[in-house]
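Reviewing the structure listed below.
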Amino acid sequence: MKVALALVVCLAILLGWTPKSAVSEARVTRQREFAIDSKTTILEIETYNGSITWQPGSEAKITVKLSVQGFLPGAMGSYLEEIDVLWDSTGSRARLAVRRPRWRWGVISSNTAITVQLPADQLEALRATTSNGTIVVADAKANLDLTTSNGSIEVLSFKGDISLRSSNGRLLVQRGVGRVNLRTSNGAISLDGVTITDSSTVRTSNGAIRGKVDFAGRGQHTFETSNGSVNLKVPAGTQGRFELGTSNESAVIDLGGNHIRGRRVETTIGDDGVTVRIRTSNGGISVVEM
3 MKVALALVVC
13 LAILLGWTPK
23 SAVSEARVTR
33 QREFAIDSKT
43 TILEIETYNG
53 SITWQPGSEA
63 KITVKLSVQG
73 FLPGAMGSYL
83 EEIDVLWDST
93 GSRARLAVRR
103 PRWRWGVISS
113 NTAITVQLPA
123 DQLEALRATT
133 SNGTIVVADA
143 KANLDLTTSN
153 GSIEVLSFKG
163 DISLRSSNGR
173 LLVQRGVGRV
183 NLRTSNGAIS
193 LDGVTITDSS
203 TVRTSNGAIR
213 GKVDFAGRGQ
223 HTFETSNGSV
233 NLKVPAGTQG
243 RFELGTSNES
253 AVIDLGGNHI
263 RGRRVETTIG
273 DDGVTVRIRT
283 SNGGISVVEM
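The working numbering numbers the first residue of the sequence shown as 3 and each following residue consecutively.
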């Protein structure tokens, strides 16, 4: 058995294999830049294993940083060169897509980091997807459709309708006005200083929901978690129909002098043009004035 094992090791070395523990990992990088035309109002981005960031800037461009980690320089270099960065800009629409080649021996991993620099009001819509990484939008006056399979999504300032989806990660939305559709399978959801203008959904399968929100206009708003608390703070004078339910702990409404507590709470305060439905299977619920 020992002789056979020694022969296998010798053969592997002759073929160019080196135990990972016996070599130091290395990294090779490459960067691409694309100018964004001033006529572009719809931007689509699709990448894998990496981050997407939109930050304000007077210079309209996209920067793509590619990185490959491994232990065989030749394999790493060829892999890096074969990563496709596809850019198409026609009329008002532009699309960036990053495609990786098949894995090869000597390559451990690869990732991308995409940075969009644009004036906050140039785009009407941004659609961005990454399979494994964070998405951050610093300031946007556009409709946002953002998806990641594994990572957090942060929108720090917005005006427009936003749809955020993560299979595993928290969602953070701050300082904005518009309709919101937020869904994550595993992670907390936080809203801070958000005015919701139309029917919206905020849902997580595992995590707390917390928010400072204002309901403008009319519509139905749903907040749901399977495991976690839901705590909302709203402006004084907030009116509407409130339907709260929890399977464990209690639900509390403290609005306009009305203080109601129970496992299930249903009440109308003032005008019923807004309906707020809150459900959790395991956690408390509160809707109180700021």
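We treat Cβ as the ideally placed atom computed from N, Cα and C, and that holds for glycine.
- Three or more beta-carbon pairs separated by less than 8 Å are not found between the region 143-156 and the region 76-88, which leaves the two stretches without contact.
- Distance from the CA atom of R265 to the CA atom of V232, rounded to whole angstroms, is 13 Å.
- Its chain contains T197, P237 as the residues whose beta carbon lies nearer than 6 Å to that of D216, once the 5 sequence neighbours on both sides are disregarded; these appear in chain order.
- Non-local C-beta neighbours of G213 in its own chain, meaning closer than 6 Å and more than five positions away in sequence, comprise L193, L234, ordered along the chain.
- For A115, the uninterrupted beta strand (DSSP E) run begins and ends at 109-120, by DSSP.
- For G79, the enclosing alpha helix (DSSP H) starts and ends at 75-84.
- Under the three-state reduction of DSSP output, D216 falls in the strand class.
- Nearest Cα to Q33 within the set T117, L45, P58, T55: T117.
- Here DSSP, grouped into helix, strand and coil, assigns A190 to coil.
- Just so you know, the alpha carbons of I44 and A253 end up roughly 42 Å apart.
- In this structure, DSSP gives N183 an extended state, which the three-state scheme calls strand.
- The beta carbons of G52 and N134 sit closer together than 9 Å.
- Annotated three-state conformation of A210 is coil, per DSSP.
- Of all C-beta pairs linking the region 86-94 to the region 173-190, fewer than three are shorter than 8 Å, placing the two stretches out of contact.
- Residue environment: S111 is assigned as exposed (fewer than 16 neighbouring CB atoms within 10 Å of its CB, all protein chains considered).
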